[in-house]
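K.L.:
One rule links them: number in the numbering used here = place in the sequence shown (from 1) + 4.
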Amino acid sequence: MGLLGIPICQRYLNRYRFASLYSRRYRAPCYSAYIFSSPAGKRPKDHWKYEPQLAYPKADGNMVLFREGKVDPNIVESQAVQTDYINSSYTHGHLNPNLHHQDQETRSSTFTLTNVVPQKSGSNGGPWASLERNVSNLLKKYCKDKAYIVTGAMPYQTERWLKEHRVAIPEYLWSAYCCPNYTKPPENLRHLFPTFAAIGRNDPNSTEKIVPIDRGKKKQFWGYDVRTMPLDTLEIYLRDRFGTFVSVFYNQCSEQ
């Protein structure tokens with residue numbers, strides 16, 4: 005899964021909500037990029053959607069709800085569908101989580117299969133979920149203006165798949181935020197601004213070269229550790245894995 009794909013302006017109910025870079029070959033997003041806002045209200049129901057323009061370039065730009073029954077073969081060919089995840093042992097891993105948005109419509113828009121990757125429940129419901137909550141709390145407290153987040157998938161060096169080459173499985177997830185205008189945090193948190201990043205394990209059997217394992221954690225989360233790091237360290241790992249220069253934020257998150 006290289007950093008090559010189709011840019012999608014994720015549109016729901018006639019409004020653009022966020023952006024994703026989508027790989028048709030791997031039927032998964034390389035990353036999703038969005039503007040953070042403080043969450044409010046309950047978590048939306050899991051009404052999953054697809055992107056019609058991947059199958060029909062002249063289709064309306066709005067994402068569409070999956071309906072019961074047989075799915076259009078052109079949709080099945082162009083992107084992931086619900087049956088890809090059934091009995092797979094992987095959950096729907098949001099790259100852009102609903103937790104990082106305020107209004108219900110935008111939160112609902114994150115439930116599209118063009119925004120998720122196969123993620124183990126030990127990661128999705130454990131250390132990675134904790135990272136998402138911690139980022140939300142930090143940005144709510146210290147970010148004075150807009151905060152930008154990019155979250156992506158890091159593939160295995162030897163590709164792994166769901167359902168016989170249907171959807172590529174990532175070995176790691178990664179995320180970084182950019183907050184150019186912030187309130188000065190306490191001394192122990194100053195290294196977290198204006199940018200910070202993290203890589204999370206999606207496979208307890210992966211080596212510890214990128215993310216070490218904390219064997220003192222609860223058993224169900226063992227091997228799904230998240231390592232936080234400066235933005236430039238993340239970019240080094242992305243460059244090594246993808247074999248190309250990667251700059252997550254324009255001008256390294258400068259206000260200029």
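Glycine is no exception: its CB is placed at the ideal position from the N, C-alpha and C atoms.
1. Return the bridge partner residues of T155 from the DSSP annotation.
2. Report the residue from T232, P198 and K46 whose alpha carbon sits nearest the alpha carbon of E109.
3. Report yes if the C-beta distance between P267 and R111 is below 8 Å; otherwise report no.
4. Ignoring anything shorter than 4 residues, give me the alpha helix (DSSP H) runs that lie fully in the stretch 99 to 151, in order along the chain.
5. Can H98 and Y89 be called in contact, C-beta distance under 8 Å?
6. Taking the beta carbon of N206 as the centre, do at least 16 other beta carbons fall within 10 Å, making it buried, or is it exposed?
7. Look at the Cβ atom of V75, then the Cβ atom of V68, and state whether they are nearer than 8 Å.
8. Taking all protein chains shown into account, decide if S251 is buried (16 or more other Cβ within 10 angstroms of its Cβ) or exposed.
9. Can you give the beta carbon distance from S36 to N128, rounded, assuming they're within the 8 Å contact cut?
10. At 3 residues or longer, what runs of the beta strand (DSSP E) sit wholly inside the stretch 225 to 260?
11. Who are the near neighbours of P43 in its chain, counting only those whose CB is closer than 8 Å to its CB and skipping five residues on each side?
12. Suppose you measure from the CA of E55 to the CA of K150; what does that come to, to the nearest Å?
13. What number of angstroms, rounded off, separates the C-alpha of Y176 from the C-alpha of R19?
P.N.:
Taking the geometry as given:
1. The count along the sequence shown starts at 1 and reaches residue 155 at position 151. Per DSSP, S36 and S179.
2. The count along the sequence shown starts at 1 and reaches residue 109 at position 105. The residue with the shortest Cα to Cα distance from E109 is K46.
3. Outside the modelled stretch of the chain, which goes from 5 to 260, sits residue 267, for which no answer is possible.
4. At a cut-off of 4 residues, the continuous stretches assigned as alpha helix (DSSP H) that sit fully inside the stretch 99 to 151 are 108 to 113, 125 to 128 and 131 to 146.
5. For the purposes of this step, residue 98 is taken as residue 94 along the sequence shown, with counting starting at 1. For the purposes of this step, residue 89 is taken as residue 85 along the sequence shown, with counting starting at 1. Not closer than 8 Å, so no.
6. The residue you call residue 206 lines up with position 202 of the sequence shown. With 16 or more Cβ atoms within 10 Å of its Cβ, N206 is classed as buried.
7. Indexing the sequence shown from 1 puts residue 75 at position 71. Indexing the sequence shown from 1 puts residue 68 at position 64. Not closer than 8 Å, so no.
8. Against the sequence shown, residue 251 aligns to sequence position 247. By the neighbour-count criterion, in which a residue is buried when 16 or more other Cβ atoms sit within 10 angstroms of its Cβ, S251 is exposed.
9. Counting from one through the sequence shown, the residue named residue 36 turns up at place 32. Counting from one through the sequence shown, the residue named residue 128 turns up at place 124. The C-beta separation of S36 from N128 comes to about 15 Å, leaving the pair out of contact by the 8 Å criterion.
10. When DSSP assignments are scanned along the stretch 225 to 260, the uninterrupted stretches of beta strand (DSSP E) that are 3 or more residues long and fall wholly within it turn out to be 230 to 233.
11. Walking along the sequence shown from the start, residue 43 turns up at place 39. The beta carbon of P43 sits closer than 8 Å to the beta carbons of N102, L103, H104, H105, Q106, R111 and S140 from its chain, once the five residues preceding and following it are set aside; these are given in chain order.
12. Numbered from 1 along the sequence shown, position 51 holds the residue referred to as residue 55. Numbered from 1 along the sequence shown, position 146 holds the residue referred to as residue 150. Computed Cα separation, rounded: 27 Å.
13. Mapped onto the sequence shown, residue 176 falls at position 172. Mapped onto the sequence shown, residue 19 falls at position 15. One alpha carbon belongs to Y176, the other to R19, and they sit about 31 Å apart.
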